[in-house]
Amino acid sequence: MTPVSTPTRTENMRPDQVRAATGFWSLQIGLLTALVLAILFAVGIGAVAIPLPITVQVIGSHLLPGWIAPVADPTQDQIIWVFRLPRVLLAVVVGAALAVSGTALQAMTRNPLSDPYIFGVSAGASVGAVLVITLGSAVMGGVSLSLAAFLGALLSMILVYTLAQQQGRATPMRLVLAGVALSYVLSAVTSYLVLRSATPGGGAAAVLTWLAGSLGGAKWEQLGLPSAVVVLTTFLLIAQARPLNALMAGDETATGLGVNVERFRQQLFLVTSLLVGVVVAVSGSIGFVGLMIPHLVRMVVGSDHRRVLPTVALGGGVYLVLVDLVGRTIMAPQELPVGIVTAALGGPFFLWLLRRR
Amino acid sequence: MDNQPDWFYSAENGFATVDEIAGSGAQIYSIAAKCGGGQVDAQFEDIYTDIRNMGQIFGVSDQAEALIAELQATVDAVTAKVAGQAPLKVMIYDAGEGPLGVFGPGSYDAILRLVGGENAFADLTETYAQVSIEAVASREIDVVIVGGYDDTGEARADFIRKTFPTMAAVKNERVVVIEYGLMNPGVRNHLGVEAFAKALYPEAFE
């Protein structure tokens, strides 16, 4: 994910602008390097210890079949290739998606407290997922857990948008309020479904894990769609960086700068909700990433979305890979849902940062 | 508490604390064998302790002893059939597709030991935990017992079959759904022992 519209010509710039531009590119290259290193590091470590040469051989044998021989132990092959690698890559995709959508939604609502779930997307996804976990896929017409979650997210998104409409207009305030209200209704439905199935064992723990947000069930086939959507929307939003900046300055300023505020908000709502819906379906609702990363990045690169968006995408990816690594190794063989770790680690760090500034 | 009980039977499942109940003037009997995997140091005999104690409380000790003898007869018959078999590594799986909810030491584990099984997650410090998918893949599991609580049992068994094709339990078709009703402490526990034994050594029952 490289930024597309950052100034590259330096001859007409003041010295401080040149410095800022160079600093920005160094940061991007640094983050990209950090991302690659984090991926390699995270694939090499897990609940089961696998020697590094074996890890490299497993990945090599799948990428270059015929050139590199498969490893002798099928279990090691399965752990690296089927479980660990897709999980780490999914962490990159989900982390990037949450950070990018959080950034866009904070601009759209002009509210620093906005996070990707503000419009009730995760509450809708939860109902879908919990229905499948507690009733079984068969009862739900064979719909898989992630499809059910996505449909739930889509449905809540449409509901919020419809409920927030007034004379064909949906202001950010009405959207947020409709989202919050619907979230409460839907979490009541989720709680009821969990209580209904609360027999000993009874899958209640599986539901709680999903609600807390987990990457533990990552599969290769879950990667394609979210990756495509994340890359597409990130570039789309970077291309819209100027209207996004204008929106941050206020509706009147934005209109003055030639932005059709009404329509632009609708587009933002659609794009971000789709993005969040796609990732919530495969990861549950992982809190705090979409709130924290955008603020953190703005502290470093300023508030220009041409700089913020590519940086949050890379930063969100690095962050979630490392946080998930902590969650799956700290109590091995037991696992902590990544959503618990993001909040437990991210919260205090963020507060410390706020106080330092 | 509205019913002003003279006697309160508690599985310590958190509806009221022992102190609260005692404060209401009722007498308390806290059972030895508990649900949901029980306590880490649970023994199969805990259920006999409960039957015996309740026999005393209600003045029907003779019937209690008769019931214990009846249960033990079934257990003896089952364990005799599977005696001398090679020990098998067993995972008792609840739900979840990553992480997976499995049972560690506890009352289900006690039934397992009785019939010659070894809990693949006996090293857990809790009776129930969420373990990572790769830990499950690496444990060389011979039999998977899927806890049945509703209609999703077979679907959860299919998840195990689909996800771990190289696992011995899957290759040898030893992924079995057993109702929690048979495993949870109670007078049907001898049936649980029988179900576990059949899941581990079906050939001994042919």
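Going down the list, the sequences are from chains D and X. Under our numbering, think of the first position of the first sequence as 18, with each following residue one higher. Under our numbering, think of the first position of the second sequence as 10, with each following residue one higher. Where a beta carbon is used, it is the ideal one built from N, C-alpha and C, also for glycine.
Under the three-pair Cβ rule at 8 Å, the region 175-189 of chain D does not count as touching the region 308-319 of chain D.
Going by DSSP, L109/X is part of the beta strand (DSSP E) stretching over L109 to F112. In its chain, beyond the 5 residues on either side, V306, G307, I310, P311, V329, A330, G332 and G333 have a beta carbon closer than 7 Å to the beta carbon of A116/D.
Straight through space, the alpha carbons of I77/X and R197/X are spaced by roughly 11 Å.
D341/D is the residue among A121/D, A271/D, D341/D and Y209/D whose C-alpha sits nearest the C-alpha of A360/D. The C-beta of G153/D comes closer than 9 Å to at least one C-beta of chain X. I347/D sits exposed, since fewer than 16 C-beta atoms from the chains shown fall within 10 Å of its C-beta.
In this structure, the alpha-carbon of R323/D lies about 22 Å from that of P243/D. Shown here for E149/X: same chain residues with a beta carbon closer than 7 Å to its own, the five before and five after excluded, namely K98 and A177 in chain order. The way I'd put it, the region 70-85 of chain X doesn't touch the region 93-113 of chain X; fewer than three beta-carbon pairs between them come closer than 8 Å.
A residue is called buried when at least 16 other Cβ atoms come within 10 angstroms of its Cβ; A66/D does not meet this threshold and is exposed.
Taking 7 Å as the Cβ-Cβ cut-off, the region 98-128 of chain X approaches chain D at D103, A104, G105, E106, G107, P108 and G110, given in chain order. Assigned with DSSP and collapsed to three states, K236/D falls in coil, not helix or strand.
By the Cβ rule, the region 104-114 of chain D does not count as touching the region 161-171 of chain D, because fewer than three pairs are nearer than 8 Å. For A138/X, the enclosing beta strand (DSSP E) starts and ends at Y137 to V140. With contacts defined as CB atoms closer than 9 Å, M316/D and A124/D fail to qualify as a contacting pair. In chain order, V147 and T151 place their CB closer than 6 Å to the CB of L210/D, counting only its own chain and leaving out the 5 sequence neighbours on each side.
Counting along the chain, the unbroken beta strand (DSSP E) around E127/X starts and ends at G126 to N128. The DSSP-derived three-state label of P82/D is strand. Between the region 362-370 of chain D and the region 130-150 of chain D, the count of C-beta pairs closer than 8 Å stays below three; the two stretches do not touch. Secondary structure of M176/X (DSSP, three-state): coil. Following the DSSP letters along the chain, one finds V206/D in no beta strand (DSSP E) but inside the alpha helix (DSSP H) bounded by residues P189 to R213. Listed as beta-bridge partners of Y102/X by DSSP are V111/X and V155/X. Membership of I187/X in the beta strand (DSSP E) is indicated by the continuous run V184 to E188. Under the DSSP assignment, R104/D falls in the alpha helix (DSSP H) whose first and last residues are L102 to T126. According to DSSP, R186/D shares a beta bridge with Q183/D. For the region 93-111 of chain D, the beta-carbon criterion of a distance under 7 Å to any beta-carbon of chain X is satisfied by Q95, I96, F100 and R101. Contact residues of the region 140-159 of chain X toward chain D are V140, S141, I142, E143, A144, V145, A146, S147, R148, E149, G156, Y158 and D159 (C-beta to C-beta distance below 9 Å). Not flagged as an interface residue toward chain X: G333/D, since no C-beta distance is shorter than 9 Å.
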